Each structure stands twice: as C-alpha cells, then as structure tokens.
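This report refers to the structure that appears directly beneath it.
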Amino acid sequence: MGKLIYNSSPRELDIDDRVLAHLRVAILNKLRRGESFSMTWEHGLVNGSGRTTIWLHPSIPLQFVFSGNRSPKLNRIWIEQLLLTANSTSGLQYVPEPDENDPIDAD
1 MGKLIYNSSP RELDIDDRVL AHLRVAILNK LRRGESFSMT WEHGLVNGSG
51 RTTIWLHPSI PLQFVFSGNR SPKLNRIWIE QLLLTANSTS GLQYVPEPDE
101 NDPIDAD
C-alpha cells in the first residue's frame with residue numbers, strides 16, 4: 001500500500017501501489033505541462049464514507065511513496081482514461097483498470 005502525500009498536510013492518502021503508479025503517470029503528465037486540476041477520491045465505508053477533493057498545481061509539493069520496490073507494468077489505456085477524467089470538469093477520479101485489449105471509449 002503506497003501513499004500520496006499532498007503539500008505539507010499531515011493527511012496521507014493510502015493507495016494500492018499499482019493504482020498509485022498509474023495515478024503518478026497521469027498526474028505528472030498534467031503537472032509537467034503546467035496544468036492545474038482537481039482530484040477527488042471517496043473515503044469508503046471503512047473510513048466513514050464521504051469524499052475529498054484537492055487542487056493540484058505544479059507549485060504545490062506532491063509525493064508518491066510506494067511500499068514495494070518493483071514498478072508494475074503500466075496499462076496505457078488506464079492512464080489515458082485517468083487523463084480523460086483529469087481533463088473533465090469533475091477532475092481526476094479513480095476509474096477501475098480496464099483490460100488492455102479493450103478499445104478506448106471516445107464518449
């Protein structure tokens with residue numbers, strides 16, 4: 001289980017290493033281009049339900065901390081789907097990993 005650490009906040013978001021690796025690529029793609037965007041995640045029933053939204057900006061410190069030492073094989077389609085959500089008015093949101101052989105939905 002990895003962690004996403006935003007700014008100097010003591011709050012850390014626990015994320016599965018595989019999911020975090022894909023989020024990392026999508027987020028860094030946007031920030032590298034100087035693009036700001038929001039990211040929303042649901043807390044889940046175990047954490048009292050609800051959701052949190054943060055604003056990601058290239059000037060705000062961000063850390064990706066992985067618990068494992070091996071990088072997973074990345075799913076290009078999943079990264080593209082994450083980027084599509086990041087480019088929407090709702091901002092970056094988790095979407096389940098698609099099969100790499102699935103066509104990308106253009107809707």
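Residue numbering for the sequence shown follows my numbering, beginning at 1 and increasing consecutively.
Quick reminder that beta carbons are idealized off the backbone N, C-alpha and C, glycines included.
Note that the coordinates shown come from a computational prediction; the quantities given were computed from them, not determined experimentally.
- DSSP places LYS30 inside the alpha helix (DSSP H), whose first and last residues are 17-32.
- Rounded to the nearest whole angstrom, the C-alpha separation of MET39 and ALA21 is 15 Å.
- Listed in chain order, the non-local C-beta contacts of LYS30 below 6 Å within the same chain comprise PHE37 and ALA86, local neighbours out to five positions each way being set aside.
- For a cut-off of 8 Å, the C-beta gap from ILE79 to PRO98 is around 11 Å, too long to register as a contact.
- Secondary structure of VAL65 (DSSP, three-state): strand.
- In the DSSP assignment, LEU45 falls outside any beta strand (DSSP E) and carries neither an H nor an E.
- GLU97 carries a coil assignment under DSSP once its states are collapsed to helix, strand and coil.
- Just measuring C-alpha positions, the residue of GLU100, ASN101 and TYR94 sitting nearest TRP41 is TYR94.
- Across the structure, SER8 and GLY2 are spaced so that their CA atoms are roughly 17 Å apart.
- ASN75 is the residue among ASP14, ARG32, GLN81 and ASN75 whose C-alpha sits nearest the C-alpha of GLU100.
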